[in-house]
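Taking the UniProt record's numbering, the leading residue of the sequence shown gets 1, the next gets one more, and so forth.
Every residue, glycine too, gets a C-beta built ideally from N, C-alpha and C.
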Amino acid sequence: MNKINPHIIAKIQAPAKINIFLKITDIIKSGSYKGYHALSSRFVRFARLYDELFIIDKLDENGLIYDNQIADNLIFKAYEKLCKAGFRQKLDEFFKSKQIYLIKNIPSGAGLGGASSDASAFLTLINKELNLNLKSDELLKISATIGADVSFFTSSLQSANVSGFGEILNAFDDEIPSLELLLSSVFCSTPKVYMAYDANNFHKDINLAKFLSTKTSTQILNNYQNYELNDLLAPALTLYPSLQISDDEFLSGSGSAKFKLKDKK
């Protein structure tokens, strides 16, 4: 940021999330996410790691995001969803002289929801700065159409049981333990991990998924093995053997980020 020294109009942090558990429960039969895997998961916000979004005076002619290196950035999709909600003229006029500057600290392909968090942060920031006056439930509805995990970040919940494609949230009164996040240089492709899951016909344990949703994150991590908690661990290791997960480590999402308890009981 210091190298380009832009004039900053507004800024927001986009935190990471961690999957305490992730169980595949079905294939979605209808709706916008038909054909995708239905999941049951516990999401917890991990605010110590975050991307940063800034609204700045326009610095180049490369479009919405200054010096963007991510062609399929979900921020573009969030922009289009706001346009379809009736705000195209307001957005187009505003971004004639403004841009988004994005500082990525959350690695891509890590299972930490960075892209989804960025999209959510964009919605929240633009709603405030452009006085769109969208209420929380309206922002959540838009978030659910952008992609998996976006709704969780828009909700501002610290912990939630998440189902469907990631758009169905149930707030959970959780006991979240102190966690150590372990980042990896390995890039895990989420679609490929799910394809490997399907190809190997891994067992679905729906009853365990229901049971886990009633327990605190502390209880879960102190009483279950990593392979029991994340249905994507085995296919991820099949595709990316260099991940090398220890018995006291857990995989977040489809990887590659791992985490562990700082103080195991």
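For the 8 Å CB-CB criterion, Glu175 and Phe259 do not form a contact. Taking Ala10 as the centre and dropping the five residues before and after it, the same chain places the C-beta of Phe54, Ile55, Leu125, Lys128, Glu129 closer than 8 Å to its C-beta, in chain order. In summary, Gly31 is exposed, with fewer than 16 beta-carbon neighbours lying within 10 Å of its beta-carbon over all protein chains present. When secondary structure is reduced to three states using DSSP, Asn170 falls in the strand class. One Cα belongs to Val150, the other to Asp247, and the distance between them is close to 30 Å. Taking the Cα positions, Tyr227 is about 11 Å away from Lys23. Contact between Cys188 and Tyr224 is ruled out by a C-beta separation of about 22 Å, above the 8 Å threshold. When secondary structure is reduced to three states using DSSP, Glu228 falls in the helix class. When rounded, the separation of the alpha-carbon atoms in His37 and Ile27 is 5 Å. In the three-state reduction of the DSSP assignment, Asp92 falls in the helix class, which pools H, G and I.
For Gln99, the secondary structure class from DSSP, reduced to helix, strand or coil, is strand. Under the three-state reduction of DSSP, Thr25 is assigned to strand. By the C-beta density criterion, Glu61 is exposed, having fewer than 16 other C-beta atoms within 10 angstroms. As computed with DSSP, Ala16 is found in a beta bridge with Phe46. Here the alpha carbon of Asn201 sits roughly 14 Å from the alpha carbon of Lys192. Here the alpha carbons of Ala199 and Ser155 stand approximately 34 Å from one another.
Inclusion of Ala119 and Ile168 in the CB contact set at 8 Å is not warranted, their separation being larger than that value. For Gly164, the beta-bridge partners assigned by DSSP are Leu39. Bounds of the beta strand (DSSP E) holding Glu180 are 179-182.
DSSP places Phe187 in no beta strand (DSSP E); its state is neither H nor E.
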